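A quick write-up on the structure given underneath.
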Amino acid sequence: MADVAANPAARDAKTRSQSLSVSLQRRPNLIRAAAVILFFVLWEIFGRDMNPLFMTYPSAIAKAAWEVTVSGELLHATLASAVPFLIGLFISIFGGILIGVLIGQFWYFEYTLDPFINALYAIPRIALVPLIMLWAGLETSGKVSILVSIAIFPVIINTYAGIKDVRGSLLEIGRAYCATDTQLFLKIILPAAVPYIMAGIRLCVGLAIIGIVVAEFFTSISGLGGMIIHYSNSFSTAKVFVPIIVIGILGVAMTQAVMSIEKRLSRWRRLERERLG
Amino acid sequence: MAVAESARSRRPSAPVSAAPAAAPGQGIVSVVSAQKRFNARESAAESGKGSEKSFLVVDNVSFEVRRGELVTLLGPSGCGKTTLLRMVAGLLTVDSGTISIEGEKVNGPRRNCCMVFQNFGLLPWRTVMGNVEFALELDGVARKSRREVAAHYIELVGLQRFADHFPHELSGGMQQRVGIARALTRHPSVLLMDEPFGALDAQTREQLQDDFLEVWQRVGITVLFVTHSIDEALVLSDKVLVFSARPARIKCILESPLGTGERGNALRGNPEFTRRGLEIREMLKTEARSHG
């Protein structure tokens, strides 16, 4: 301390470097962007030296992206994936909530469906893909079935957990104020379970993206997943990256959208937790 | 009324002689030799099974509450007074004896008696407005008119600036004001309050007691109020029912403990307040000693 104080130049240097690190720490996005840019620059430089059969580099991907966009192939593939994806997501969310509510609310559904749900959940669903293809075919219905088999579980499980976790004191409010069973469900149990259900939906979206790609790998080779298979079979490595990037961007966008809805609907729970914690 | 009475007299479990203080009909709430047992294991037990393991929680309690009265049930923590209140609310059944409100036997929750809970009992996903209009929403009152009624009571408890806030953005005292406003929206015949200010700090508590007395005087409602605080009972009550420790039995009934119509925290300096407080404290102390 004493010698630092005695040497104003050293002290200045120290505070300057400290203030630089503090100001960088306060700008995480700047650092993130810099890291990503650095990554792409290095990839561009070193990627050119590698065998194009195995590796590619950013500007080649950009060129490939331009080609498949102009030819309309990318849009066509995206739309081809979107239809079974959206149908499957819809079924996973609403079917999952319905099943979760049934097993959460009625003991006979709980006891009868429980073994099947547990068994299906324990089996890696990819192991079932060949069977599902046999039963549901290679087209939209097959893809939707594969997607739902993968994505529905977090919704079921979270809805069930949310309903079972409703505090007795909340139910008592409804009973004391003479709520009917339907009112109890709609005005207390279901809203209390919403944060759980939304967390389940967020997981469901992530799994649905995996589900659609898996489905397109195994069934009729079409859509964005089909594009990946098609171009990697023909060693057009740069073109393989295009659908991967599109899937990544769409995935992040959808997860963010669900998260922002979740944040709004689960605000009360966050406030409650902050207050208690 | 006559129908209810004849129904009661037909019941073999209601001893006719057991209710000296309860002349049925004059009270808005009448409790006649109410009795309740809990099983040692599970408090939600129905009567009958496993009688050797069960223990008495409420023993032969009878009292009357007249219209417009504020009556407190005072007793040591865990003595069974909350159980008694929950039976009046219809959330628990009596094992024997009868409880009636406005001459009708209680056999489940009723719209004409509303509950204020110890831990406020608000729905955390609803705003203050949403919570206060909850009861009327259950009754199917149209949105516009229930909003009007709710706004009136929100103003009555002084929260008009917080109508859009969520419970967890409010202090405990404010949350309980919401609980009181919600209970009043149904214009119940009886307000049941289960240690409503027990979770609050001393200052907020006194503030709420005085504010509640003001609301109570303006609304003119019958109140049955559970507390373990001697001071609170003295400050609020027309009548204090002092309970013994488990099982809850009425030890004595104090009518107008501070003189007729006298109430509020302003009386804390009063010698009568101190004298009465010591008297009850002594009574509860001997109770605690005899139970070891």
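Residue numbers (the numbering used here), protein chains in the order written: chain H, 496 to 772; chain W, 381 to 672. Don't be surprised by glycine CBs; every beta carbon is placed ideally from N, CA and C. This one's a predicted model, so the numbers in the text were calculated from it and none came from an experiment.
Test: residue i CB closer than 9 Å to a CB of chain W
i	result
H:GLU767	yes
H:THR564	no
H:ILE683	yes
H:TRP602	no
H:THR654	no
H:GLN678	yes
H:SER512	no
H:SER755	no
H:SER731	no
H:ALA572	no
H:ALA674	yes
H:ARG762	yes
Contact with chain H by residue i, beta-carbon distance below 9 Å
i	result
W:PHE546	yes
W:ARG369	Residue 369 of chain W lies beyond the range of chain W shown here (381 to 672); nothing can be said about it.
Cβ neighbour criterion (16 or more within 10 Å) applied to residue i
i	result
H:VAL578	exposed
W:VAL451	buried
H:TYR616	exposed
H:SER576	buried
W:PRO547	buried
H:PHE736	buried
W:PHE623	buried
H:MET693	buried
W:SER617	buried
W:CYS632	exposed
H:MET545	exposed
W:LYS416	buried
H:ILE651	buried
W:ASP574	buried
H:GLY706	buried
W:PRO568	buried
H:ASN653	buried
H:ARG765	exposed
H:PHE773	Here chain H covers residues 496 to 772 and nothing more, so residue 773 of chain H does not appear.
H:PHE580	buried
H:ASP609	exposed
W:GLU444	buried
W:ARG388	At W:ARG388, the pLDDT of 37 sits below 50, so the modelled position is not reliable; the number obtained from the coordinates is stated separately. The residue in question, W:ARG388, is buried, as its Cβ has 16 or more Cβ neighbours within 10 Å.
Chain H contact residues for residue i, given Cβ-Cβ distances below 9 Å
i	result
W:LEU471	GLU667, ARG670, ALA671
Within chain W, partners of residue i - CB distance below 7 Å
i	result
H:ALA688	In chain order: nothing, as chain W lies at least about 11 Å away.
Contacts of residue i in chain W (Cβ-Cβ under 8 Å)
i	result
H:ARG770	HIS548
Supposed close pair residue i, residue j - CB separation, criterion 8 Å
i	j	result
W:VAL599	W:VAL558	Not confirmed; about 16 Å, so no contact.
W:VAL537	W:ALA522	Not quite, the Cβ-Cβ distance comes to about 23 Å (not below 8 Å), so this is no contact.
W:ASN499	H:SER664	7 Å
W:LEU454	W:ILE610	7 Å
W:LEU634	W:VAL615	In fact, because the Cβ distance is near 13 Å, the residues do not count as touching under 8 Å.
W:ALA543	W:THR507	7 Å
H:TYR655	H:ILE598	5 Å
H:THR573	H:LEU719	6 Å
Within-9 Å CB hit, residue i to chain B
i	result
H:SER640	You won't find chain B in this structure, because its protein chains are H and W.
Closer than 9 Å at the beta carbon, the chain W residues around residue i
i	result
H:SER664	PHE497, ASN499, GLY501
Within 8 Å of chain H by C-beta, residues of the segment 582-601 of chain W in sequence order = none
Pull out every residue of the segment 495-517 of chain W whose Cβ sits closer than 9 Å to any Cβ of chain H, in chain order.
-> MET495, PHE497, ASN499, GLY501, LEU502, LEU503, PRO504, TRP505, ARG506, PHE514, ALA515, GLU517
When you check each C-beta in the segment 543-577 of chain W against every C-beta of chain H, which residues fall closer than 7 Å?
-> PHE546, HIS548, GLU549
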